[in-house]
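Enquirer: Let me give you the structure first, and then I'll get to my questions.
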Ligand code: NDP
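See below:
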C-alpha cells in the first residue's frame, strides 16, 4: 500500500488533528490560537472568485489542431505553416446568460473558445455556435446583456426586458431566428458547430492580407434538443452537456471538428454587396465557399475544474503573427473587454496561471509585479526598455503589414437598415425545413408570449419583415391581429418604436 502523505497547512507545517477544534474545556469556547482552524475557514471564505459576467457556466477539454491543407498563400502563422502540423489546444464551451449553476440546456448561444498553444504565443479564437451576433456595435453590449439576465426588481428572468430590447434593435433578428430554432438548444457541446462569427485578417509573408471567417463543423453532426426535451433536461440533469463532454472523452470517444475557412480579398471586400465586417451577417456560401484546412480533436479532460476551466481566460486580442483584427466594430470592443474582465476576475497576472500561460515559446517582457506574480518576476534582469543589459528586443519582422485607414471621425450610424432582414429571410424561407419552421414558431411563441402585447406586436413586425409567413405564423400563435403586425412592419424603425411606446 502506498505510504500516506502527511496533511499540512498551506505553508507545509504538519497538521496534528483535523477533526477537533482547540477549545478551552469541553465543551468550551474555541481558542484564537487554533491557527489551523482560522486558516482553514479564512481560505474557505475566499474560495469563490467573481464569476464571468457572461459565459459563467462552461466545460473544457484539451486536444490538438492538425493542418490538412496548405494555407501559406494566405497566412504566415507558424502553427498553420505545414500540412500535418499539430498544435496543442484548450477549448471551453459555455452558455452565455446564465449563472455558474444554471442549466446547460438553456436556450442561449454557446461559447466556443479555443486557445492554441503555438510556438509564437497563444492564439485565441473566441467564437460561438452561431455565425452571427445580436448587435454590431459594442456600445450596445452592456445593455443587451442586462436584458438577458435578471430584472433588477424581481431578480427573475424577464420576457419584457428580453424582447423590449431585441424588438428595438432590428439588427438582432438574424441571431434571434437562429437562437429560437432548435440550434438554440444543442443536444451536447459535441453536436454543434463553432464559428468565429467575426471577420478576421490573415496576412502572408509577402505582406498581402485577406479577410477570413472560421467555421468549425462538428464531425459528430448537428443534433439539437426540442423545446420540450430541453425543459425536461434542465430538471433532470442541469449539467448534461458538461457531463457528456467529460464522459465521452473518458470513454475514448474523442469529439472532432473540421475547420473550414471563408476567404475574401480586400478588393472583393471593397465591392461586396453588403458590409463584410457586419457581425449580424454571414457571407453566403455561394459567394465564398468554405475551404477545409484542418481538424480539431479533443482527447484529454482537465484534472481540476477550477484550476483549468474556471481559471481559463481567452481574449480575441490574443493574435499571432499572420492573424489580426478586422474593421468589425463588435470585435474592436471585444479586443479591450476580454483582457479587462479577466484582470478583474483573476488579477493582472492571470497569464501566469498554467492553463493560460504560453507553452510553445517563452514569455519575455518588461512587465513586473502586481497581485499573484508567481513566477520569478524577471529576477534581476532589467525592467525597462531600451536597455543595454541584454533584455529582450522587439522583432520588426513579426509585425502586421501597414494598412490604410481614412475617414471622418464621428459616431456613424449604420447605413443599410434594410439589410437586416435579407439573411434571416433566407434562413427561414430557403434553409429551414417545415419541421424547423414549426419548431421555430413554437419556441418563439412560448417565450414571447410572456411579454406585454405591445412588445409582442413590435417584435412580430420584425419577423414579418424577414418573411411575411414567419410574421403571420408568430402572430397567429400569439393571437395578434395580423393587420396590426403588417401596419407596424411597414413603418420605419423610429415610427414603430413610437407607435408601441404604450399599449397599441
Ligand atoms: P447555404 O444553404 O449554403 O448554408 C446554410 C447554412 O445554414 C448551413 O451552414 C447550415 O449548416 C446552416 N443551418 C441550417 N439550419 C440552420 C439553423 N436553424 N440555424 C442556423 N444555421 C442553420 O446558405 P447560405 O450560405 O446562402 O446562407 C443562407 C442562410 O443560412 C444565411 O442567411 C444564414 O442565416 C444561414 N447560415 C449561413 C452560414 C454561412 O456562413 N453562409 C452559416 C450558418 C447559417 P449545416 O450545413 O451544418 O446544417
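Residue numbers (this note's numbering): 873 to 1376.
Think of the CB as a built atom: it goes at the ideal place given N, C-alpha and C, for glycine as much as any other residue.
Anything with a beta carbon under 5 Å from a heavy atom of ligand 1 counts; list them all in chain order.
Expert: Those satisfying the condition are, in chain order, 1003, 1050, 1053, 1055, 1154, 1156, 1157, 1295, 1298, 1299 and 1303.
Enquirer: So which of 1293, 1314 and 1324 has the shortest CA-CA distance to residue 1340?
Expert: The residue given as residue 1340 occupies position 468 in the chain shown. The shortest Cα separation from residue 1340 among 1293, 1314 and 1324 belongs to 1293.
Enquirer: Going along the chain, which unbroken runs of the alpha helix (DSSP H) with 4 or more residues stay wholly within the stretch 960 to 998?
Expert: The qualifying runs do not exist here; there are none.
Enquirer: Could you pull the start and end residues of the alpha helix (DSSP H) that residue 1164 belongs to?
Expert: Position 292 of the chain shown, counted from the first residue, corresponds to residue 1164. Segment 1163 to 1172 is the beta strand (DSSP E) holding residue 1164; no alpha helix (DSSP H) there.
Enquirer: Assuming residue 929 contacts residue 976 (C-beta within less than 8 Å), just tell me the rounded distance between them.
Expert: Along the chain shown, read from residue 1 onward, the residue named residue 929 stands at position 57. Along the chain shown, read from residue 1 onward, the residue named residue 976 stands at position 104. Yes, they are in contact, since the Cβ atoms of residue 929 and residue 976 sit about 7 Å apart, within 8 Å.
Enquirer: Compute the beta-carbon to beta-carbon distance between residue 1450 and residue 1238, rounded to the nearest angstrom, for a pair I have assumed lies under 8 Å.
Expert: Given a span of 873 to 1376 for the chain in the structure shown, any question on residue 1450 remains unanswerable.
Enquirer: Are there 16 or more other CB atoms within 10 angstroms of the CB of residue 1362, so buried, or fewer, so exposed?
Expert: The residue labelled residue 1362 in the question sits at position 490 within the chain shown. Exposed, by the Cβ-count rule.
Enquirer: Is any heavy atom in ligand 3 found nearer than 8 Å to the beta carbon of residue 876?
Expert: No copy of ligand 3 occurs in the structure displayed; its ligands are ligand 1 alone.
Enquirer: Residues in the same chain with beta-carbon distance under 7 Å from residue 945, minus the five sequence neighbours each way, listed in chain order, please.
Expert: Here residue 945 is taken as the residue at index 73 of the chain shown, counted from 1. For residue 945, where only same-chain residues beyond five positions count, the Cβ hits under 7 Å are 1076.
Enquirer: Tell me whether the stretch 933 to 951 and the stretch 1114 to 1134 touch, counting them as touching only if at least three CB pairs, one residue from each stretch, are closer than 8 Å.
Expert: Judged by Cβ distances under 8 Å, the stretch 933 to 951 makes contact with the stretch 1114 to 1134, as three or more pairs qualify.
Enquirer: Just reading off the beta strand (DSSP E) that residue 1134 is part of, what are its end residues?
Expert: For the purposes of this step, residue 1134 is identified with residue 262 of the chain shown, where counting begins at 1. First-last of the beta strand (DSSP E) with residue 1134: 1128 to 1136.
Enquirer: Between the beta-carbon of residue 940 and the beta-carbon of residue 951, is there less than 9 Å?
Expert: Translated into the one-based positions of the chain shown, residue 940 becomes position 68. Translated into the one-based positions of the chain shown, residue 951 becomes position 79. Not closer than 9 Å, so no.
Enquirer: Is residue 1066 helix, strand or coil by DSSP?
Expert: Locating residue 1066 in the chain shown gives position 194, where the first residue counts as 1. Looking at residue 1066 - three-state DSSP - the assignment turns out to be strand.
Enquirer: Under the assumption that residue 980 contacts residue 969 (Cβ atoms under 8 Å), give the Cβ distance between them as a whole number of angstroms.
Expert: Sequence index remark: in the chain shown, residue 980 carries index 108 (1-based). Sequence index remark: in the chain shown, residue 969 carries index 97 (1-based). The Cβ separation is near 6 Å, so the contact holds.
Enquirer: Exposed or buried, which one is residue 1119 when buried takes at least 16 other CB atoms within 10 Å?
Expert: Start at 1 with the first residue of the chain shown, and residue 1119 comes out as number 247. With fewer than 16 other Cβ atoms within 10 Å, it is exposed.
Enquirer: Could you check which residue in 879, 1309, 885 and 905 has the C-alpha nearest to that of residue 893?
Expert: If you number the chain shown from 1, residue 893 lands on position 21. Closest by alpha carbon: 905.
Enquirer: May I have a chain-ordered list of the alpha helix (DSSP H) segments no shorter than 4 residues that lie completely inside the stretch 1035 to 1105?
Expert: Counting only runs of 4 or more, we get 1045 to 1051.
Enquirer: Would you report the Cα separation of residue 1135 and residue 1266, rounded to the nearest angstrom?
Expert: What you label residue 1135 is simply residue 263 of the chain shown in a count that begins at 1. What you label residue 1266 is simply residue 394 of the chain shown in a count that begins at 1. About 30 Å.
Enquirer: State the Cα-Cα distance for the pair residue 912 and residue 879, rounded to the nearest angstrom.
Expert: Position 40 of the chain shown, counted from the start, is the residue given in the question as residue 912. Position 7 of the chain shown, counted from the start, is the residue given in the question as residue 879. In a straight line, the C-alpha of residue 912 is about 13 Å away from that of residue 879.
Enquirer: Indicate the three-state DSSP secondary structure (helix, strand or coil) for residue 1283 in the structure shown.
Expert: Looking up residue 1283 in the chain shown gives position 411. In the structure shown, residue 1283 sits in coil (DSSP, three-state: anything other than H, G, I, E or B).
Enquirer: Can you name the start and end residues of the alpha helix (DSSP H) that residue 1354 belongs to?
Expert: In the chain shown, residue 1354 corresponds to position 482, counting from 1. 1354 to 1362 is the span of the alpha helix (DSSP H), which, as asked, contains residue 1354.
Enquirer: Between the Cα of residue 1019 and those of 1008, 1036 and 1102, spot the shortest distance and give me the residue it belongs to.
Expert: Position 147 of the chain shown, counting from 1, holds the residue named residue 1019. If we check each option's Cα against that of residue 1019, 1036 comes out closest.
Enquirer: State yes or no: is the C-beta of residue 1380 within less than 9 Å of the C-beta of residue 1184?
Expert: Residue 1380 falls outside the range modelled here, since the chain spans only 873 to 1376, and no answer is possible.
Enquirer: Looking at residue 1008 and residue 1200, is the spacing between their C-beta atoms short of 9 Å?
Expert: Here residue 1200 refers to the residue found at position 328 of the chain shown. Here residue 1008 refers to the residue found at position 136 of the chain shown. In contact: residue 1200 and residue 1008 (Cβ atoms closer than 9 Å).
Enquirer: Using alpha carbons as the reference points, say which of 1073, 1033 and 1305 lies closest to residue 1137.
Expert: Residue mapping note: residue 1137 aligns to position 265 of the chain shown, counting from 1. Among 1073, 1033 and 1305, the Cα nearest to that of residue 1137 is on 1073.
Enquirer: Residue 939 bridges to which residues according to DSSP?
Expert: By 1-based counting over the chain shown, the position of residue 939 is 67. 1166, per the DSSP bridge assignment.
Enquirer: Please go through the same chain and pick out, in chain order, the residues whose beta-carbon is closer than 6 Å to the beta-carbon of residue 1268, but skip the five residues on each side of it.
Expert: For this step, residue 1268 is matched to residue 396 along the chain shown. Nothing meets the Cβ criterion.
Enquirer: Nearest by alpha-carbon distance to residue 957: which of 1155, 914, 925 and 991 is it?
Expert: Taking the chain shown and counting its residues from 1, one reaches residue 957 at position 85. Checked all of 1155, 914, 925 and 991; the closest Cα to residue 957 is 991.
Enquirer: Is the beta carbon of residue 1189 closer than 9 Å to that of residue 996?
Expert: In the chain shown, residue 996 corresponds to position 124, counting from 1. In the chain shown, residue 1189 corresponds to position 317, counting from 1. Against a cut-off of 9 Å, the Cβ pair of residue 1189 and residue 996 comes out as a contact.
Enquirer: Compare the Cα-Cα distances from residue 1050 to each of 1241, 1337 and 1315 and report the closest residue.
Expert: Numbered from its first residue, the chain shown carries residue 1050 at position 178. Ranking the options by Cα distance to residue 1050, first place goes to 1315.
Enquirer: DSSP puts residue 1000 in a beta bridge; with which residues?
Expert: Counting from 1 along the chain shown, the entry for residue 1000 is found at position 128. DSSP, once it has assigned bridges, lists 983 and 1067 as partnering residue 1000.
Enquirer: In three-state terms, what does DSSP make of residue 920?
Expert: For the purposes of this step, residue 920 is taken as residue 48 along the chain shown, with counting starting at 1. If DSSP states are grouped into helix, strand and coil, residue 920 belongs with coil.
Enquirer: Could you give the distance in angstroms between the alpha-carbon of residue 1147 and the alpha-carbon of residue 1285?
Expert: Working through the chain shown from its first residue, we reach residue 1147 at position 275. Working through the chain shown from its first residue, we reach residue 1285 at position 413. Cα to Cα, the separation comes out at about 13 Å.
Enquirer: Rounded to whole angstroms, what's the CA-CA distance from residue 1345 to residue 1334? Just pull it up for me.
Expert: Taking the first residue of the chain shown as 1, we reach residue 1345 at position 473. Taking the first residue of the chain shown as 1, we reach residue 1334 at position 462. Near 13 Å, if we compare the C-alpha coordinates of residue 1334 and residue 1345.
Enquirer: Report the rounded CA-to-CA distance for residue 1263 versus residue 1224, giving the unit in angstroms.
Expert: Stepping through the chain shown from its first residue, residue 1263 is reached at position 391. Stepping through the chain shown from its first residue, residue 1224 is reached at position 352. Using only the alpha carbons, I get a separation of about 20 Å.
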